[in-house]
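Under this note's numbering, the letters of the sequence shown match residues 206 to 533, in that order.
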Amino acid sequence: MPDGPLDVTASYNDLLRRGDAPPGSTWGLFDPASERGMADLAGPEQVLAAASLVRTGEVVNLDHGLAAFDPPMARARQAPRHTIVAGHPQSRDDSLDFFLQASSQVDGLRHRRAQDWGFYDGHADAQIAVGSPTLGVQRWAERPVVGRGVLLDVAAARADLGAPLDHARGEVLEVDDLEAAARRQDVAVEPGDLVLVHTGWASWYLALDRKARTEVRDRRCATGFAQRRALPRWLWDHRVALFATDTFAVERLPVVPDTEFAGSAVDDAGMMHQELIASLGMPLGELWRLDALATACAQDQRWHCLVVVKPLHLEGGVGSPANATALR
């Protein structure tokens, strides 16, 4: 265990040596009252700097429609059911019955617990209940996640290398892919950045007919990052405030055979979500709509923009539609 208390300047190796919390965790490093995890890295200074990046006034939506992924990739989720009612001929109201994580979303800090430790910052299971605000997604609605968005176009970088992504087989991505995209674009990820990774997976899936989508879902096969310690290390070393991709789960499914988390994520076959959400406290974006932003960035070679993420103000919510917007 490291000597003395840790703070946000600690190295990832220091985090791995912790004995008072899950190895590799940021527990206790941020204001415990905020319950926002690494989103706290995008503070007023970062917001002001990001605001200065707005030059053309172009606004880019980063969300797919709530019903876009039908059937949803997660077997337990269903497409929304929208109902419109009329109190009288001149009036309409509506209701929506839907899974909050079936389309473009952010995983909240309630979404995954650390095996043998509990939820982020050591919160007990009993606190993660309807009616309790603890770690709820409303923390990122009360104070939205806003900062400099950095688009890393992994799809374009791989194509340039002559190894285009093959989503039909579910590509395994590595941290080297992030670094290659950053070099190609001549950009550097800075503390407090919101990193958006474009792979083209979501648009590939949405272009399939319903039968093919169902086959992909049944195979549970999706492009994503390998379950290796290298990704949480990269995110912490760069002090990333939010990490989002246009893939189903951020990480590759099925889990890679040599996952480094087989012992610490037994219930989900060695997935990495507990390292990213429960340990790091990372706001994790999935199924984001990034094609239009990638095209705009490539056209003028500006890969930075102001990004605003305001989830639903649902007290105690586990996750939420992203409600994400890029302003250029």
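Cβ coordinates follow ideal geometry from the N, Cα and C atoms, glycine included.
I need the DSSP call for Ile482, collapsed to helix, strand or coil. Working through the sequence shown from its first residue, we reach residue 482 at position 277. Helix.
Let me know the secondary structure DSSP gives Asn218 once reduced to three states. Translated into the one-based positions of the sequence shown, residue 218 becomes position 13. In this structure, Asn218 counts as helix in the three-state DSSP scheme.
With three or more C-beta pairs closer than 8 Å as the rule, is the region 401-419 touching the region 260-277? yes
7 Å CB neighbourhood of Glu465 in its chain, flanking five on each side removed: Against the sequence shown, residue 465 aligns to sequence position 260. Taking Glu465 as the centre and dropping the five residues before and after it, the same chain places the C-beta of Gln432, Arg433 and Arg434 closer than 7 Å to its C-beta, in chain order.
Since Gln504 and Arg317 are thought to touch, with beta carbons under 8 Å apart, how far apart are those beta carbons, to the nearest angstrom? Indexing the sequence shown from 1 puts residue 504 at position 299. Indexing the sequence shown from 1 puts residue 317 at position 112. With 8 Å as the limit, Gln504 and Arg317 do not qualify as a contact, their Cβ atoms being about 37 Å apart.
Hey, out of Gly341, Gly327 and Leu532, whose CA is closest to Pro228's CA? Taking the first residue of the sequence shown as 1, we reach residue 228 at position 23. Closest by alpha carbon: Gly327.
Return the chain-ordered list of same chain residues with a C-beta closer than 8 Å to the C-beta of Gly292, the five sequence neighbours on each side being excluded. One-based indexing of the sequence shown puts residue 292 at position 87. For Gly292, where only same-chain residues beyond five positions count, the Cβ hits under 8 Å are Asp298.
With 16 as the cutoff for other CB atoms within 10 Å, does Gly475 come out buried or exposed? Reading the sequence shown from its first residue, position 270 is the one you call residue 475. Gly475 comes out buried.
Nearest to Leu271 (by Cα), restricted to the options Val259, Phe304, Met278 and Arg374: Start at 1 with the first residue of the sequence shown, and residue 271 comes out as number 66. Nearest option by C-alpha distance: Phe304.
Cutting at 8 Å between CB atoms, please list the residues of its own chain near Gln310, excluding the five before and the five after it. Within the sequence shown, the letter at position 105 stands for residue 310. Exclusion of the five residues before and after Gln310 leaves Gly490, Glu491, Leu492, Gly524, Ser525, Pro526 and Ala527 as the residues of its chain whose Cβ lies within less than 8 Å of its Cβ.
CA-to-CA distance, Asp496 to Gln320, given in whole angstroms: On the sequence shown, residue 320 is found 115 positions in, with the first residue counted as 1. On the sequence shown, residue 496 is found 291 positions in, with the first residue counted as 1. Roughly 36 Å separates the two Cα atoms.
Report the three-state DSSP secondary structure of Ser408 (helix, strand or coil). As a position in the sequence shown, residue 408 is number 203, starting the count at 1. Helix.
Would you call the region 510-524 and the region 323-342 in contact, with 3 or more CB pairs under 8 Å? yes
Out of Leu314, Pro369, Val350 and Gly233, which has the shortest C-alpha to C-alpha gap to Glu250? Residue mapping note: residue 250 aligns to position 45 of the sequence shown, counting from 1. Taking only the C-alpha atoms, the option nearest Glu250 is Val350.
Run of the alpha helix (DSSP H) containing Leu502, from where it starts to where it stops: Locating residue 502 in the sequence shown gives position 297, where the first residue counts as 1. The amino acid occupying residue 502 in the given sequence is Cys; Leu does not appear at that position. Cys502 -> alpha helix (DSSP H) spans Asp496 to Asp505.
Per DSSP, what kind of secondary structure is Gln390 in: helix, strand or coil? In the sequence shown, the residue the question calls residue 390 occupies position 185. Gln390: helix per DSSP, three-state reduction.
Closest to Ser300 by C-alpha separation, out of Arg286, Ser308 and Gln306, would be which residue? Residue 300 sits at position 95 when you count from the first residue of the sequence shown. The residue with the shortest Cα to Cα distance from Ser300 is Arg286.
Please name the residue in Trp439, Asp442 and Ala454 whose C-alpha comes closest to that of Ala427. Mapped onto the sequence shown, residue 427 falls at position 222. Answer by Cα proximity: Ala454.
Per the DSSP calculation, Asp365 is bridged to which residue(s)? If you number the sequence shown from 1, residue 365 lands on position 160. Beta-bridge pairing links Asp365 to no other residue.
Starting from Gln310, follow its DSSP beta bridges and name the residues at the other end. By one-based count along the sequence shown, residue 310 stands at place 105. Bridge partners of Gln310: Glu491 and Pro526.
Buried or exposed: which applies to Leu366, given that a residue is buried once 16 or more other Cβ atoms fall within 10 Å of its Cβ? Numbered from 1 along the sequence shown, position 161 holds the residue referred to as residue 366. By the 10 Å Cβ count, Leu366 comes out exposed.
Where His518 falls: helix, strand or coil (DSSP): Locating residue 518 in the sequence shown gives position 313, where the first residue counts as 1. Three-state DSSP puts His518 in coil, outside helix and strand.
Using the three-state DSSP reduction, which class does Gly327 fall into: helix, strand or coil? Translated into the one-based positions of the sequence shown, residue 327 becomes position 122. In this structure, Gly327 counts as helix in the three-state DSSP scheme.
Chain E within 9 Å of Ala470, Cβ atoms only: This model lacks chain E altogether; it includes just one protein chain.
Assuming the contact rule is C-beta atoms closer than 8 Å, Ala529 and Glu263 should be a hit. Round their C-beta distance to whole Å, please. For the purposes of this step, residue 529 is taken as the residue at position 324 of the sequence shown. For the purposes of this step, residue 263 is taken as the residue at position 58 of the sequence shown. Your pair Ala529 and Glu263 does not check out as a contact, with CB atoms roughly 15 Å apart and the cut at 8 Å.
Smallest Cα separation from Gly375: which of Trp406, Gly354, Arg363 and Gln390? Within the sequence shown, numbered from 1, the residue matching residue 375 stands at position 170. The residue with the shortest Cα to Cα distance from Gly375 is Trp406.
At least three beta-carbon pairs within less than 8 Å, the region 439-450 to the region 378-394: Yes, since at least three Cβ pairs between the region 439-450 and the region 378-394 fall closer than 8 Å, the two stretches touch.
First through last residue of the beta strand (DSSP E) which encompasses Leu370: The sequence position of residue 370 within the sequence shown is 165, counting from 1. Segment: none, Leu370 is in no beta strand (DSSP E) and carries neither H nor E.
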